[in-house]
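J.: Take a look at the following structure, please.
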Amino acid sequence: MARKYRIAIVSDIHYASAAEQARGDDYEFRDLKNPFVRWFVRFYRYFIWLRYPLRQNHLLDEFLSGVGSPDYVIANGDFSCNSAFVGVSDDAACQSASECLEKLRQKFSPNFQATFGDHELGKMSFFGMRGGMRLASFNRAQKELGLQPLWRIELGNYVLLGVVSSLVGLPVFEADTLPAERPEWHRLREQHLREITQAFGSVKPEQKILFFCHDPTALPFLYRDETVRGKIPQIEHTIIGHLHSPLVLWKSQLLSGMPPIRFLGHTAKRLSTAVSQGRYWKPFKIILCPSLSGIELLKDGGYYTVDLDSEAREPARFTFHRLPR
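Structure, rendered in structure tokens:
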């Protein structure tokens with residue numbers, strides 16, 4: 001007998017502990033030496049991206065109070081503000097992620113699952129070339145925060161799968177890693193890819209997949225895997241985060257296929273390389289779950305609920321819930 005399920009999906013919460021808040025909303029640009037770059041980043045932050053990045057904790061509370069009692073809740077990565085740019089190996093960021101996950105687990109466990117985002121591992125700052133991915137962050141996220149690199153939930157003929165997008169997309173992010181740590185990162189990636197192949201291979205022909213992958217940069221690499229590619233017809237949707245706003249997703253799709261930009265520094269190369277492979281996103285049928293805050297320009301944040309039946313007789317129904325701010 002078919003059973004109805006409701007799943008809530010939230011992404012890019014970017015919770016800030018007191019220790020991260022103490023760094024100030026200008027943490028990203030105040031140390032930039034070039035006054036023009038400093039002015040530009042401040043302008044971009046203030047009017048376009050997010051004016052007060054360390055003051056959005058109330059949005060998590062609004063989600064918790066407004067979402068009701070879903071059967072399952074999936075948090076699709078980025079639990080801290082990553083204000084030191086090295087992931088949760090930074091004590092302040094780890095405290096942020098811990099507080100965020102504790103609130104979610106307290107309300108929804110045991111029917112709660114969390115996906116790794118790039119903020120858990122660390123990433124180089126857009127300007128200033130600070131930080132990057134750290135093995136200590138990957139290990140701490142598992143041991144102290146209880147994050148699983150690959151997770152799976154079966155709801156009848158629906159299979160929910162979550163992976164570590166930064167590991168899958170490591171060739172794009174390799175410059176964000178420390179040279180001494182790269183061999184271990186590559187070993188972890190190969191191990192993770194084997195686990196993903198096995199997980200997709202075990203999906204039965206009658207089952208549908210809801211795939212959770214924080215950063216779509218990983219999708220072209222998964223498309224190259226024969227087993228994953230063979231299961232794409234069974235992927236009903238891939239839920240991504242990372243981009244914060246449908247506007248950013250639209251721009252990324254518009255620029256899909258552009259050649260990588262190699263002469264404007266590390267960040268431009270990384271972002272343009274990801275966008276250049278954007279044509280491989282389409283087969284995965286992506287749905288962006290924006291950040292709770294959205295971007296400053298549009299204030300378009302919120303979360304999704306998904307209604308599905310266990311026999312997968314009809315497609316899952318996604319409903320977006322906007323959080324006003």
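For the sequence shown, full-length UniProt numbering gives the first residue as 1, with consecutive numbering after it.
For each residue, glycine too, the CB sits at the ideal point set by N, CA and C.
#1: Which residue comes first and which comes last in the beta strand (DSSP E) that contains GLY162?
#2: Which term fits GLU311, buried or exposed, when burial requires 16 or more other beta carbons within 10 angstroms of its beta carbon?
#3: For the beta strand (DSSP E) holding LYS4, just list the boundary residues, first then last.
#4: Which runs of the alpha helix (DSSP H) fall wholly inside the segment 124–210 and span at least 4 residues, in chain order?
#5: Determine the extent of the alpha helix (DSSP H) in which HIS58 is found, giving its start and end residues.
#6: Let me check you understand the geometry: is the CB of VAL86 closer than 6 Å to at least one non-hydrogen atom of the ligand NAD?
#7: Anyone know if the C-beta pair for PHE211 and THR177 falls short of 7 Å?
#8: By DSSP, does VAL41 sit in helix, in strand, or in coil?
#9: What residues in its chain sit with their C-beta under 7 Å from that of HIS58, if we drop five residues either side in the sequence?
#10: Would you list the residues sitting across from GLY80 in a DSSP beta bridge?
#11: CB ALA75 to CB ALA114, shorter than 7 Å?
#12: Can you check which of these residues, SER137, PHE108 and ASP26, is closest to TYR44 by C-alpha distance?
#13: Look up ARG224 in the DSSP assignment and say whether it is helix, strand or coil.
#14: Counting pairs of beta carbons, one from the segment 277–287 and one from the segment 203–220, are three or more of them closer than 8 Å?
#15: Quick one: what's got a C-beta closer than 6 Å to ARG30's C-beta in the same chain, skipping five residues either side?
#16: Would you identify the three-state DSSP class for HIS119, choosing helix, strand or coil?
#17: Any contact between the segment 125–141 and the segment 98–107? By contact I mean 3 or more CB pairs, one from each, below 8 Å.
#18: Once DSSP output is grouped into helix, strand and coil, what is the label at GLU99?
#19: What's the gap between the Cα of SER245 and the Cα of LEU323?
#20: Residues in its own chain within less than 6 Å of SER83 by CB, not counting five upstream and five downstream?
#21: Over what stretch of residues does the alpha helix (DSSP H) that includes LEU323 continue unbroken?
#22: Using only the alpha-carbon positions, how far apart do residue 326 and ALA92 sit?
#23: I need the boundaries of the alpha helix (DSSP H) containing GLN253, first residue and last residue.
#24: Out of ASN139, VAL168 and ARG51, state which residue places its alpha-carbon closest to the alpha-carbon of ASP225.
#25: Tell me, please, whether the segment 114–125 touches the segment 63–70 by the rule of three or more beta-carbon pairs shorter than 8 Å.
#26: Given a cut-off of 7 Å on the beta-carbon distance, is the pair SER96 and SER80 in contact?
#27: Judging by CA-CA distance, which residue of ILE286, GLN56, PHE63 and GLU120 is the nearest neighbour of GLY87?
#28: Is it buried or exposed for SER11, if we count other Cβ within 10 angstroms and need 16 for buried?
#29: Could you tell me if ASP61 is buried or exposed, where buried requires 16 or more neighbouring beta carbons within 10 angstroms of its beta carbon?
#30: To the nearest angstrom, how far is the alpha carbon of ILE196 from that of LEU150?
#31: DSSP state of LEU308, grouped into three classes?
T.: Taking the definition as stated:
#1: 158–162
#2: exposed
#3: 4–10
#4: 135–143, 165–168, 170–173 and 182–201
#5: 57–66
#6: Judged by which ligands are present, the structure shown has none, so any question about the ligand NAD falls away.
#7: no
#8: helix
#9: none
#10: Here residue 80 turns out to be Ser, not Gly, going by the sequence shown. The partner list for SER80 (beta bridge, DSSP) reads TYR15.
#11: yes
#12: ASP26
#13: coil
#14: yes
#15: none
#16: helix
#17: no
#18: helix
#19: 13 Å
#20: GLU20, ARG23 and TYR27
#21: Looking at the DSSP string, LEU323 is not in any alpha helix (DSSP H), and its letter there is neither H nor E.
#22: Here the chain comprises residues numbered 1 to 325, so residue 326 is not present and cannot be evaluated.
#23: 246–254
#24: VAL168
#25: no
#26: yes
#27: GLU120
#28: buried
#29: exposed
#30: 7 Å
#31: strand
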